[in-house]
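Visitor: Per our numbering, residue 9 is the first one in the sequence shown, and the count goes up by one each step. For each residue, glycine too, the CB sits at the ideal point set by N, CA and C.
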Amino acid sequence: MTRGEVKFQSYEKLKLEAMEIAGFISQMEVTDENVKTVKKVLARVNKAVKQLNDRRIEIKKAINEPYEVFNSQVKEIESIVKEADEIVRSQVRNLEEQERQKKTEELKEIWDLRIAQYDLARIFDFEDWLTSKHLNKSESMSKVEKDMTDFLEKSERDLEVIRKHEDCNELMLVYKEEKDLAMSLQIVSEKKRLLQEQEEILKDSEVEKTEKFIFEVFTEKDAKLIELLMKENDIDYRRI
Numbered sequence: 009m010t011r012g013e014v015k016f017q018s019y020e021k022l023k024l025e026a027m028e029i030a031g032f033i034s035q036m037e038v039t040d041e042n043v044k045t046v047k048k049v050l051a052r053v054n055k056a057v058k059q060l061n062d063r064r065i066e067i068k069k070a071i072n073e074p075y076e077v078f079n080s081q082v083k084e085i086e087s088i089v090k091e092a093d094e095i096v097r098s099q100v101r102n103l104e105e106q107e108r109q110k111k112t113e114e115l116k117e118i119w120d121l122r123i124a125q126y127d128l129a130r131i132f133d134f135e136d137w138l139t140s141k142h143l144n145k146s147e148s149m150s151k152v153e154k155d156m157t158d159f160l161e162k163s164e165r166d167l168e169v170i171r172k173h174e175d176c177n178e179l180m181l182v183y184k185e186e187k188d189l190a191m192s193l194q195i196v197s198e199k200k201r202l203l204q205e206q207e208e209i210l211k212d213s214e215v216e217k218t219e220k221f222i223f224e225v226f227t228e229k230d231a232k233l234i235e236l237l238m239k240e241n242d243i244d245y246r247r248i
């Protein structure tokens, strides 16, 4: 690979001229008499700068042309390898998916045999227990089977406790989702507490709505005074 080089031989000369022109222009005082001349000077300067910039773009394009050819060739090779890589990866994914499917079917057969030995744990389906981790190649069948057994044993014990609880039905529904006895008890207890609070609020509200107080006033003067006080304090009342 040969490193390219651009020689700007008149750089110092042009830079000096540009500085002189810039200094001259910046010190010019524009008047009605010389405004046209100033515009012409600026136009000539900008034209010269544009020509220089156009030349820069041409040189850049010429320098980059060999690189663009090389870049295109590399991309072509990369595309060929990538296509082959994707074919292999696709086959690997298909093979892994087949293995996961086979493992799922084997575990389902084991589940069906095991679940029949339990009374309460039957509320769970195979899918309630199965996780993506169980199907990983790194998870041996013996390890996964042990996890299944532990899950069913724990569920049976927890559900036996739930069966004796006063909120059995609701607890069982929550436990099926949470799969955790302590968490299920906490959720149901909190729900009951909130419901009780709501009932008390509604009960108090009903009492406030239905309770009435009757006062007897014996003079017109006192009646007007009480009525005025009622209005000033936004108290609901009616005369009977």
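Cβ of R97 within 8 Å of Cβ of L128?
Guide: Here residue 97 corresponds to residue number 89 of the sequence shown, with the count starting at 1. Here residue 128 corresponds to residue number 120 of the sequence shown, with the count starting at 1. Against a cut-off of 8 Å, the Cβ pair of L128 and R97 comes out as no contact.
Visitor: Taking the alpha-carbon of H142 as reference, which of E164, K116 and E161 has the nearest alpha-carbon?
Guide: Position 134 of the sequence shown, counting from 1, holds the residue named residue 142. When each option's Cα is compared against that of H142, the closest is K116.
Visitor: If you draw a straight line from the alpha carbon of I131 to that of E185, how long is it in whole angstroms?
Guide: Walking along the sequence shown from the start, residue 131 turns up at place 123. Walking along the sequence shown from the start, residue 185 turns up at place 177. Using only the alpha carbons, I get a separation of about 11 Å.
Visitor: Is it true that the CB of W137 sits closer than 8 Å to the CB of M156?
Guide: The sequence position of residue 156 within the sequence shown is 148, counting from 1. The sequence position of residue 137 within the sequence shown is 129, counting from 1. Yes; because the gap between Cβ atoms is below 8 Å, this pair is in contact.
Visitor: Nearest to E161 by alpha carbon, out of E107, K48, K187 and R52?
Guide: For the purposes of this step, residue 161 is taken as the residue at position 153 of the sequence shown. For the residues E107, K48, K187 and R52, the minimum Cα distance to E161 belongs to K187.
Visitor: Tell me where the alpha helix (DSSP H) around S87 begins and ends.
Guide: Here residue 87 refers to the residue found at position 79 when the sequence shown is read from its first residue. Where S87 is concerned, the enclosing alpha helix (DSSP H) stretches over V43 to I123.
Visitor: Which of the three DSSP states is assigned to E37 in this structure?
Guide: For the purposes of this step, residue 37 is taken as the residue at position 29 of the sequence shown. Three-state DSSP puts E37 in coil, outside helix and strand.
Visitor: Indicate the three-state DSSP secondary structure (helix, strand or coil) for L236 in the structure shown.
Guide: What you label residue 236 is simply residue 228 of the sequence shown in a count that begins at 1. DSSP places L236 in helix when its eight states are reduced to three.
Visitor: Quick check on Y262: buried or exposed, where buried means 16 or more other Cβ atoms within 10 Å of its Cβ?
Guide: There is no way to answer for residue 262, as the model of the chain reaches only from 9 to 248.
Visitor: Go ahead and label V249 buried or exposed: buried means 16 or more other beta carbons lie within 10 angstroms of its beta carbon, across all protein chains shown.
Guide: Only positions 9 to 248 of the chain appear in this structure, which leaves residue 249 out of reach.
Visitor: Do I118 and E153 count as a contact pair if the criterion is CB distance below 8 Å?
Guide: For the purposes of this step, residue 153 is identified with residue 145 of the sequence shown, where counting begins at 1. For the purposes of this step, residue 118 is identified with residue 110 of the sequence shown, where counting begins at 1. Yes, they are a contact pair.
Visitor: Just tell me which of I209, L181 and Q206 has its CA closest to the CA of V196.
Guide: Within the sequence shown, the letter at position 188 stands for residue 196. Answer by Cα proximity: L181.
Visitor: Residue range of the alpha helix (DSSP H) that F134 falls in?
Guide: The residue you call residue 134 lines up with position 126 of the sequence shown. Here the alpha helix (DSSP H) through F134 covers F134 to W137.
Visitor: Would you tell me roughly how many angstroms separate the C-alpha atoms of V53 and E20, rounded to the nearest one?
Guide: The residue labelled residue 53 in the question sits at position 45 within the sequence shown. The residue labelled residue 20 in the question sits at position 12 within the sequence shown. If I take the Cα positions, the gap works out to 17 Å.
Visitor: Under 8 Å between the Cβ atoms of H173 and L167?
Guide: Residue mapping note: residue 173 aligns to position 165 of the sequence shown, counting from 1. Residue mapping note: residue 167 aligns to position 159 of the sequence shown, counting from 1. Cβ atoms of H173 and L167: not closer than 8 Å.
Visitor: Taking L193 as the reference, give the member of K44, C176, E207 and I209 with the closest Cα.
Guide: Position 185 of the sequence shown holds residue 193. Here the closest residue by C-alpha is C176.
Visitor: Do K145 and E107 come within 8 Å of each other at the CB atom, strictly closer than that value?
Guide: To locate residue 107, count along the sequence shown from 1; it is residue 99. To locate residue 145, count along the sequence shown from 1; it is residue 137. Yes. Within cutoff.
Visitor: Can you list, in chain order, the residues of its chain whose CB lies under 8 Å from that of K229, leaving out five sequence neighbours each side?
Guide: Translated into positions along the sequence shown, residue 229 becomes position 221. Counting only Cβ-Cβ distances below 8 Å, and skipping sequence neighbours, we find nothing.
Visitor: Assuming the contact rule is C-beta atoms closer than 8 Å, V49 and V38 should be a hit. Round their C-beta distance to whole Å, please.
Guide: Numbered from 1 along the sequence shown, position 41 holds the residue referred to as residue 49. Numbered from 1 along the sequence shown, position 30 holds the residue referred to as residue 38. Not confirmed; about 11 Å, so no contact.
Visitor: Locate the alpha helix (DSSP H) running through K157, then write down its first and last residues.
Guide: Position 149 of the sequence shown, counting from 1, holds the residue named residue 157. In the sequence under discussion, the amino acid at residue 157 is Thr, which differs from the Lys named in the question. That run of the alpha helix (DSSP H) goes M149 to R171.
Visitor: Looking at the secondary structure, which residues open and close the alpha helix (DSSP H) in which L179 lies?
Guide: Walking along the sequence shown from the start, residue 179 turns up at place 171. Note, L179: alpha helix (DSSP H), C176 to E186.
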